Each structure stands twice: as C-alpha cells, then as structure tokens.
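J.: Structure below; questions to follow.
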Amino acid sequence: MSEHLPRVGKVISPTSDISKGLPEVGLVTQVVASKYRDYQPLYRQSHIFARDGVEIPVSTLAGGVGAAGVALAPLAELLRLDLLKRTVVHADETPLLILDAKQVRNWDYIPEVYLNPEKEAA
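Numbering (my numbering), first residue to last: 7 to 128.
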C-alpha cells in the first residue's frame with residue numbers, strides 16, 4: 007500500500023455486529039468478496055451454502071454485508087477524500103458479459119498517482 011495514505015485502525019471482533027448471530031470475520035469476508043468481486047448475488051450464495059449443508063438465509067447474508075459496509079465506511083471515506091484531491095482519474099470501462107450476454111460496464115477508477123507515482127511529487 008502507498009506510504010502517503012493515512013492508516014486507520016479498525017478492529018472487527020470475531021463476534022460480528024450482526025444481531026443474534028456469531029458469524030466469524032472469514033465468513034463475512036467470503037460473502038462480501040463473492041458478492042462484489044465474483045458477482046454472486048446473495049440468494050445464489052445461500053443456495054451454495056445450503057448445498058454444503060449450511061443453511062444461511064439471504065437476510066442473514068445481507069446483514070453481514072451491511073455490517074461490513076458500516077465497518078469499512080471510514081476507509082471508504084478516506085479513499086473518497088484521497089480521490090477528490092487528484093487532478094486526473096483514469097477509468098477502466100471494460101465491458102463485461104453477464105448472464106444473457108448483456109453488456110455491463112465495469113467502472114474501476116484509478117488515481118493517477120498509482121499509475122504514475124512521479125506525478126505526486128510535482
């Protein structure tokens with residue numbers, strides 16, 4: 007990670023913020039990564055867990071995603087503030103084929119400093 011970014015410490019306890027539940031951090035991480043990185047909707051993840059003998063309702067998975075969002079909000083705010091300082095932001099608008107061969111755009115924004123670190127010194 008870049009040295010110029012401030013560090014924010016956040017301890018996520020093994021007992022999650024999900025009421026009446028005790029999912030460990032690894033489960034919540036798996037669900038969030040599958041949802042946002044692997045494009046797996048929560049209802050599909052629920053079916054996958056059920057196939058392996060673990061019944062997790064979609065509402066419980068959604069609660070985990072929400073709790074992770076709240077826990078990561080300070081990091082998201084720091085990233086937003088850092089991004090707004092940049093004069094140039096590069097975007098990757100690579101088309102993705104999802105289901106029905108419909109095209110969806112993947113919008114990843116990369117601050118110029120990560121592509122060209124010499125610009126930060128200027």
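Even for Gly, the Cβ is constructed at its ideal location relative to N, Cα and C.
Predicted model, so just to flag it, every value in this text is computed and none were measured.
Exposed or buried, Ala56, counting other C-beta atoms within 10 Å across all chains shown (16 or more means buried)?
T.: The residue is exposed, with fewer than 16 neighbouring Cβ atoms inside 10 Å.
J.: Identify the residues that DSSP records as bridge partners of Asp44: which are they?
T.: Answer is none; Asp44 lacks a bridge partner.
J.: For Thr100 and His53, I'd like the C-alpha separation in whole angstroms.
T.: The straight-line gap from Cα to Cα measures roughly 29 Å.
J.: Rounded to whole angstroms, what's the CA-CA distance from Arg43 to Gln36? Just pull it up for me.
T.: Approximately 10 Å, taken between the alpha carbons.
J.: Helix or strand or just coil, what does DSSP make of Thr93?
T.: Coil.
J.: Could you name the residues of the same chain whose beta carbon sits closer than 7 Å to that of Ile62, not counting the 5 residues immediately before and after it, in chain order?
T.: Only Ser52 and Phe55 meet the Cβ criterion.
J.: Using the C-alpha atoms, what's the distance from Asp58 back to Leu48?
T.: Approximately 15 Å, taken between the alpha carbons.
J.: Any idea if Leu81 is buried or exposed, counting beta-carbon neighbours within 10 angstroms, 16 or more meaning buried?
T.: Flag for Leu81 reads exposed.
J.: If you measure between the beta carbons of Val34 and Ala79, is that distance less than 8 Å?
T.: For Val34 and Ala79, no; Cβs fall outside 8 Å.
J.: By alpha-carbon positions, which one of Arg92, Val71, Ala77 and Arg13 ends up nearest to Lys41?
T.: Nearest of Arg92, Val71, Ala77 and Arg13 to Lys41, Cα basis: Val71.
J.: Within 10 Å of its beta-carbon, does Gly15 have 16 or more other beta-carbons around it, so buried, or fewer, so exposed?
T.: That one is exposed.
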